[in-house]
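Here my numbering runs 186 ahead of the position in the sequence shown, where the first position is 1.
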Amino acid sequence: MNSDARVKAYDVLSIVEKGNLLDAALSSQLNALGSRQDKSFLAELVKGTARYAGRYDYLIDKFTKRSPDPSIRILLRLGMYQLFNCNSVPDYAAVNETVNAARKVGFHKLSSFINAVLQNVRRTVEGNPEGLIGLFPSPEKEPLQYLTTWYSHPEWMVKRWLEKFSFADCEKLCAHNNCPAHLTLHLNPELDRSELFSYFEKHDIEYSESDLVSSAVIIKSRLARDSINDLLSEFTQVIVQDQSVQSAMDHFSPHLSGNIFDMCAAPGGKTVNMLWRMPEDATLVAMDSVKKRMVKVVDNLARVGESDTPLLVADGLKMPFTDNAYDTILLDGPCSGTGVIRHHPEGRWQLTEKRIFSSGEMLFQLAQNAVDILAPGGKLLYATCSLEPEENEIVINRLLEENSQLSVVEKGKYWLPQTDGADGFFAAIVTRVK
Ligand SMILES: C[S@@+](CC[C@H](N)C(=O)[O-])C[C@H]1O[C@@H](n2cnc3c(N)ncnc32)[C@H](O)[C@@H]1O
Numbered sequence: 187m188n189s190d191a192r193v194k195a196y197d198v199l200s201i202v203e204k205g206n207l208l209d210a211a212l213s214s215q216l217n218a219l220g221s222r223q224d225k226s227f228l229a230e231l232v233k234g235t236a237r238y239a240g241r242y243d244y245l246i247d248k249f250t251k252r253s254p255d256p257s258i259r260i261l262l263r264l265g266m267y268q269l270f271n272c273n274s275v276p277d278y279a280a281v282n283e284t285v286n287a288a289r290k291v292g293f294h295k296l297s298s299f300i301n302a303v304l305q306n307v308r309r310t311v312e313g314n315p316e317g318l319i320g321l322f323p324s325p326e327k328e329p330l331q332y333l334t335t336w337y338s339h340p341e342w343m344v345k346r347w348l349e350k351f352s353f354a355d356c357e358k359l360c361a362h363n364n365c366p367a368h369l370t371l372h373l374n375p376e377l378d379r380s381e382l383f384s385y386f387e388k389h390d391i392e393y394s395e396s397d398l399v400s401s402a403v404i405i406k407s408r409l410a411r412d413s414i415n416d417l418l419s420e421f422t423q424v425i426v427q428d429q430s431v432q433s434a435m436d437h438f439s440p441h442l443s444g445n446i447f448d449m450c451a452a453p454g455g456k457t458v459n460m461l462w463r464m465p466e467d468a469t470l471v472a473m474d475s476v477k478k479r480m481v482k483v484v485d486n487l488a489r490v491g492e493s494d495t496p497l498l499v500a501d502g503l504k505m506p507f508t509d510n511a512y513d514t515i516l517l518d519g520p521c522s523g524t525g526v527i528r529h530h531p532e533g534r535w536q537l538t539e540k541r542i543f544s545s546g547e548m549l550f551q552l553a554q555n556a557v558d559i560l561a562p563g564g565k566l567l568y569a570t571c572s573l574e575p576e577e578n579e580i581v582i583n584r585l586l587e588e589n590s591q592l593s594v595v596e597k598g599k600y601w602l603p604q605t606d607g608a609d610g611f612f613a614a615i616v617t618r619v620k
């Protein structure tokens, strides 16, 4: 295994620690590596270490007298990921290669400290009859501490979930968030599935049809980026979309009619879903406030042959339309994303509880602006990938309280990772009665 991968992993994790996005920091380093094996090792190291940072921090604090500097903490987390979660790396290599990486990034003097901490944790785990989990708080005596440390989640987040879900459900939710998602496809209802399934068989791709929603196919094999691109260019009537999103769009589809407005559209997954399901006489306009993200909508619509869809870059907080403009509005606005934590290993550490409140306020403003341009009899389809009431039912309740012309079609339905085994999602439908 390329030992540079650990130095590169350290570089990426240092960038992420400063609040940057992992995917962006990782992709520039991946390009600098040659072999597919090295690339996948680097990606695994970075994502796994970020995901389990809370678990390793608990061990670091237990096995050090003074809290180490952030850079040393990153190196210790990297070593622990290789020791405890990375089957392909033997223990001696996990420790030695992390110590070597520490020297290469300039921590010569602290390399013996890193070696001592990693060896000490390794020996203690070996000597514990329960193994690694035996060093963590007990679920019976300290349920909150157990969930936050062993499952590596911020305490404030787990505290909120324990108020809403049972302990067993919280544990399932936290465990789900630590499992990388399978690639899931949404198939155009008109696609001949047999051709797609023959392609899978020809390329040894393991798959299954979803139990949750008939339009979804789950790819069980881990595919390299190139193989995903090959698949998507061969089958243009297939997009990547999680099962719960597809199920929510099933829920919405009977309400698609007339002039449809996709208010926060980028990168365009739900735009495509609606274009494939809306009645022939309906029209659709897609908008997003971020130009760079709108480019992705342009690319995605071109791939599925829907380039003639009208698009615009504008801010939903300063709505560019006036009264009665639309019969159906999809608002899938910017939220905390607590339903999709498994897709973003660093996201849980960058999110704050304050952000949930401010995003709830912004979603309310966007929803109010959508209601203001809804035609009589029109419907607002409201969606988020958040599990938090402040971004979901509290927004819908406030909308109903402040707008007497609205009534409820569907007050709010959750798709929960711990019960559906897919992303978390929320959908509600309100209608303007007069
Ligand atoms: C959850 S994503 C939408 C995902 C999209 N519906 C899809 O299925 O691919 C939220 C989007 O809202 C956009 N957004 C944020 N603030 C906005 C605003 N004030 N007006 C319009 N779009 C906004 C973001 O740029 C982002 O693309």
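Here a beta-carbon is modelled for each residue, glycine too, at the ideal position from N, C-alpha and C.
With 16 other Cβ atoms within 10 Å as the buried cut-off, status of residue i
i       : result
Lys-478 : exposed
Trp-342 : exposed
Arg-408 : exposed
Arg-259 : buried
Gly-220 : exposed
Pro-603 : buried
Leu-498 : exposed
Pro-531 : buried
Glu-588 : exposed
Ser-338 : buried
Glu-312 : exposed
Tyr-196 : buried
Glu-576 : buried
Cys-450 : buried
Val-619 : exposed
Alpha-carbon spacing of residue i relative to residue j, whole angstroms
i       : j       : result
Ala-287 : Phe-293 : 9 angstroms
Asp-518 : Thr-457 : 10 angstroms
Gly-563 : Asn-445 : 12 angstroms
Ser-545 : Pro-520 : 7 angstroms
Pro-254 : Gly-455 : 43 angstroms
Glu-392 : Phe-383 : 10 angstroms
Leu-592 : Ser-324 : 49 angstroms
Arg-346 : Ile-515 : 31 angstroms
Asn-583 : Ala-280 : 52 angstroms
Glu-230 : Leu-208 : 12 angstroms
Ser-413 : Glu-395 : 20 angstroms
Gly-598 : Gly-240 : 32 angstroms
Asn-301 : Gln-268 : 13 angstroms
Arg-252 : Phe-299 : 12 angstroms
Leu-216 : Leu-369 : 20 angstroms
Met-464 : Pro-440 : 8 angstroms
Val-399 : Asn-282 : 48 angstroms
Arg-243 : Asp-355 : One point to set straight first is that residue 243 is Asp, not Arg, in the sequence displayed. C-alpha separation (whole angstroms): 24 angstroms.
Lys-350 : Ser-493 : 43 angstroms
Leu-333 : Cys-360 : 7 angstroms
Gly-607 : Val-303 : 37 angstroms
Ile-527 : Lys-290 : 32 angstroms
Arg-263 : Thr-235 : 6 angstroms
Tyr-600 : Thr-284 : 43 angstroms
His-372 : Met-435 : 11 angstroms
Ala-367 : Leu-417 : 18 angstroms
Leu-586 : Phe-611 : 21 angstroms
Contact test: residue i Cβ vs ligand 1 heavy atom, cutoff 7 angstroms
i       : result
Leu-566 : no
Val-476 : yes
Cys-356 : no
Cys-450 : yes
Leu-552 : yes
Gly-455 : yes
Pro-366 : no
Arg-489 : no
Pro-603 : no
Gly-234 : no
Val-496 : One detail in the question is off: residue 496 reads as Pro in this sequence, not Val. Checking every heavy atom of ligand 1 against the Cβ of Pro-496, none is found closer than 7 angstroms.
Leu-503 : yes
Met-460 : no
Arg-479 : yes
Met-464 : no
Lys-519 : It is worth fixing the name first, because residue 519 is Gly in this sequence and not Lys. It does: the Cβ of Gly-519 is within 7 angstroms (strictly closer) of some heavy atom of ligand 1.
Met-435 : no
Met-473 : yes
Problem - Every unbroken beta strand (DSSP E) inside the stretch 517 to 584 [3 residues or more] - result: 560 to 570
Exercise for the section: Tell me the start and end of each unbroken alpha helix (DSSP H) in the stretch 242 to 291 that is at least 4 residues and wholly inside, in chain order. Expected result: With a minimum length of 4 residues, the continuous alpha helix (DSSP H) runs that stay inside the stretch 242 to 291 are 256 to 270 and 277 to 290.
Handout entry: Segments assigned alpha helix (DSSP H), at least 4 residues, entirely inside the stretch 365 to 416
Key = Fully enclosed alpha helix (DSSP H) runs of 4 or longer: 379 to 388.
Problem - Secondary structure, beta strand (DSSP E): runs of 3+ residues fully inside the stretch 458 to 494 - result: For secondary structure counted as the beta strand (DSSP E) over 3 or more consecutive residues, the stretch 458 to 494 holds these complete runs in sequence order: 469 to 474.
Handout entry: Contained alpha helix (DSSP H) runs [length at least 4] in the stretch 306 to 356, N- to C-terminal order
Key = 329 to 336 and 341 to 350
Practice task
Jot down the residue ranges of each uninterrupted alpha helix (DSSP H) in the stretch 428 to 463, minimum 4 residues, whole runs only, in chain order.
Solution key: The stretch 428 to 463 contains these whole alpha helix (DSSP H) runs: 429 to 438 and 455 to 463.
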